């Protein structure tokens, strides 16, 4: 018997969908609710490291992800000079194992749809446009339409602004990092076959990641500014102006930046709940429990690992015991905290214009996450 018979998952992102898949496959009755009308409606690209791909294979979606995305094993470093000169080509560690690529880029809404469809096929009951209105620590949930139900466990996978986190009295909130990022989803130039990063110039980082045979997402990281009041057309113009300092493949990318609807701006934030992520019969995973700037591209990977470890323990044990929660905390908190701190350290070095041991830090994290969570 699993430790739980029925579970509510709040949030249909990567962490929530992964937990729903694994638990439903294990015989648990799973309801998943998400306030958004369609989880795959928004987003640009996503970079998935090998340890994320390892979990996606466990979820039974690797073949679909591989077919829809763009895999690569190297990282390029380019100079912010008139030629966009390639300085170095680094071979990435295959953190998911030798039989998986080091990195895969894909269109984020496509990944979301694959995961939700898989959760549905596994037997999870999915409701979009639905949300809880009340929650008690013993798992009693009141929905906005007045429905009331008790669950053995409520999993809060509802992101940075987690309603669940506030409901259970955890007052940790994401804090600003001091950086903002422009992102766009556009046509892939033939010359772009992996992620290249440009350090220096008017942006801290100018980079891109192939997301499919014909697509990429490109991004520019700057000091956070009040860009949020710009009209879509003004935002497009601002991103094009900043991108004008970068060359090589960026010259082709910039010419494709013509659709204001494909440009968005986000401020970097970060937090980690430095202690148990559960209260009573409610537990937080993914961005609800921890978040970091995307300097190491580990956000989705850590969220997927949270879900995989939680589901493993719930299906292995026969009750929600202190031992179960201690093991969950022991396996996830230190690992997630290390990734958050390393991601923040990279951002701090850039903000302070310090060189820092970037390759060494990235290698240490890669070796950490190469071991299964």
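In UniProt numbering, the protein residues as written are 1 to 373.
Even for Gly, the Cβ is constructed at its ideal location relative to N, Cα and C.
Just so you know, these numbers come straight off a predicted model, no measurement behind them.
May I have the straight-line CA-CA distance separating residue 147 from residue 118, to the nearest angstrom? 26 Å
Where residue 166 falls: helix, strand or coil (DSSP): helix
Taking the DSSP output, what are the residues bridged to residue 175? 270
Please classify residue 176 as buried or exposed, where buried requires at least 16 other C-beta atoms within 10 Å of its C-beta. exposed
If you draw a straight line from the C-alpha of residue 324 to the C-alpha of residue 331, how long is it? 11 Å
Within 10 angstroms of the Cβ of residue 25, are there 16 or more other Cβ atoms? Answer buried if so, exposed if not. buried
The beta strand (DSSP E) spanning residue 106 covers which residue range? 103-107
Here's the rule: buried if 16 or more other CB atoms are within 10 angstroms of the residue's CB, otherwise exposed. What is residue 247? buried
Output the boundary residues of the alpha helix (DSSP H) element that contains residue 53. 50-58
Residue 138 burial status per 10 Å Cβ neighbour count (16 or more: buried): exposed
Residue 210 versus residue 316: straight-line alpha-carbon distance, rounded: 38 Å
Can you tell me where the beta strand (DSSP E) with residue 34 in it begins and where it stops? 29-34
Residue ranges of each beta strand (DSSP E) within the stretch 251-338, 3 or longer: 263-272 and 282-284
Is residue 406 buried or exposed, if buried means 16 or more other CB atoms sit within 10 Å of its CB? With the chain covering 1 to 373 only, the question about residue 406 has no answer from this structure.
Determine the contact status of residue 314 and residue 115, defining contact as a CB-CB distance below 8 Å. Between residue 314 and residue 115, the gap from beta carbon to beta carbon reaches 8 Å or more.
Beta-carbon contacts of residue 126 that lie in its chain and below 6 Å, excluding the five residues immediately before and after: Cβ neighbours of residue 126 beyond the five flanking positions: 32 and 120.
Beta strand (DSSP E) segment containing residue 225, residue limits: Careful: residue 225 lies outside any beta strand (DSSP E) and carries neither H nor E.
Measuring only the C-alpha atoms, how far is residue 228 from residue 170? 28 Å
When DSSP labels each residue in this structure, what does residue 117 get in the three-state scheme? helix
The stretch 94-114 in contact with the stretch 39-54 per 3-pair CB rule at 8 Å: Segments in contact, yes.
Taking the alpha helix (DSSP H) that residue 21 belongs to, which residues open and close that run? 14-25
Is it right to say residue 87 is buried, meaning 16 or more other beta carbons lie within 10 angstroms of its own, or is it exposed? exposed
Across the stretch 9-20 and the stretch 294-304, are there enough close Cβ pairs to call them in contact, namely three or more that are closer than 8 Å? yes
Of all the options 291, 5 and 196, which has the alpha carbon lying nearest to the alpha carbon of residue 174? 291
Distance check for residue 44 and residue 131, CA to CA, integer angstroms please. 25 Å
Identity of the residues DSSP links to residue 206 by a beta bridge: 198 and 220
Are residue 373 and residue 335 closer than 8 Å when you measure CB to CB? yes
Would you identify the three-state DSSP class for residue 189, choosing helix, strand or coil? coil
Would residue 296 pass as a contact of residue 343 if the rule is Cβ separation under 8 Å? yes
Helix, strand or coil, according to DSSP, for residue 110 in the structure here? helix
Per DSSP, the bridge partner or partners of residue 377: The shown model of the chain, from 1 to 373, leaves out residue 377, and the question about it has no answer.
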